[in-house]
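A.B. asks: Numbering (the UniProt record's numbering), first residue to last: 1 to 224.
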C-alpha cells in the first residue's frame, strides 16, 4: 500500500460528504460512488465551505481494481442496492468501514464484500443534508471503532483530518448506547418537536419506558 490507503466512499449523503470533505482537505480525496452524478460535494461549517470536486461515480462496472478502504455511508435499507459497488470495490485485502449505527453490520455486509474485513462503527456526526444537497456540519465529527484488525487502516486514512477516530475495547456497549440514544431521538422525529418536549412528564415517562425496553433487548442479546 501507499503512504495512505486508496479510499472509496459509497453514499455521498450527510455522513459521506463529511468524510469525503475531511479527506479532501488533506489531499486524500476518495473515489465517491452513488446513485446521482453530482458535479461536486459541498460541506458547510462555521469556518466556511469545503467543495469536493466531482463527479460522483454512478457505474460500478467502471471500477478497474479494488480499493484498500471502503467507507459505506448509506442507510441500512439501501445495503442490498449497493451490492454491485461492494463487489467491484472489495477484495479479501479490503477493509470495509460501515458508517451505520447499529449492532449487526458484520452480519449484514459479510456476504456482500468478497471476504473483505468488515469493520462496524459508531457515528457521532452533527451533520445535516440540506435541500440543495449541501451538508451543514455543526461540530467536530467523530467515529468510534472496535479495537480490531482493520481499525488501524481507518485511523491512517483519517489521521490529521477534522474527523477524530476513537478505538473502544468494549465496542458492543458503545454501539448499543448509541442505538438507544437514536431510539429516543426518534420520538422527536415522529412528533416534529425538539428536545424541549421531554420537559413534559408524560413524554419523559414514555421515553424512559422505551429505553428500558431497548435495554432489555440489549442485555438479552449480550456480547457477540
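Positions of the beta carbon are idealized from the N, C-alpha and C atoms, including for glycine.
1) Report the residue from 105, 66, 97 and 70 whose alpha carbon sits nearest the alpha carbon of residue 91.
2) How long is the line joining the alpha carbons of residue 41 and residue 177, rounded to whole angstroms?
3) State the DSSP-derived secondary structure class of residue 216, mapped to helix, strand or coil.
4) Does DSSP put residue 100 in a helix, a strand or coil?
5) Who are residue 119's beta bridge partners in DSSP?
6) Using C-beta distances below 6 angstroms, list every residue in its chain close to residue 226, excluding the 5 sequence neighbours before and after it, in chain order.
7) I need the straight-line Cα distance from residue 1 to residue 153, nearest angstrom please.
8) Which same chain residues, not among the five before or five after residue 150, have their C-beta less than 7 angstroms away from its C-beta?
9) Starting from residue 63 and walking both ways along the beta strand (DSSP E), at which residues does that stretch end?
10) Could you say if the region 27-40 and the region 58-72 meet the contact criterion of at least three C-beta pairs nearer than 8 angstroms?
C.D. replies: The short version:
1) As a position in the chain shown, residue 91 is number 91, starting the count at 1. Comparing Cα positions, the closest option is 66.
2) Numbered from 1 along the chain shown, position 41 holds the residue referred to as residue 41. Numbered from 1 along the chain shown, position 177 holds the residue referred to as residue 177. Their Cα atoms are separated by approximately 31 angstroms.
3) Here residue 216 corresponds to residue number 216 of the chain shown, with the count starting at 1. If DSSP states are grouped into helix, strand and coil, residue 216 belongs with the helices.
4) Here residue 100 refers to the residue found at position 100 when the chain shown is read from its first residue. Of the three classes helix, strand and coil, the one that applies to residue 100 here is coil, per DSSP.
5) Walking along the chain shown from the start, residue 119 turns up at place 119. 97, per the DSSP bridge assignment.
6) For residue 226 there is no data in the structure shown, the boundaries of the chain being 1 and 224.
7) Here residue 1 corresponds to residue number 1 of the chain shown, with the count starting at 1. Here residue 153 corresponds to residue number 153 of the chain shown, with the count starting at 1. Low confidence applies here, because residue 1 scores a pLDDT of 46, under 50, leaving its location unreliable and the question unanswered by this model.
8) Within the chain shown, the letter at position 150 stands for residue 150. Excluding residues within five positions, the ones whose Cβ falls inside 7 angstroms are 95, 117 and 119.
9) Here residue 63 corresponds to residue number 63 of the chain shown, with the count starting at 1. Here residue 63 belongs to no beta strand (DSSP E), and DSSP marks it neither H nor E.
10) yes
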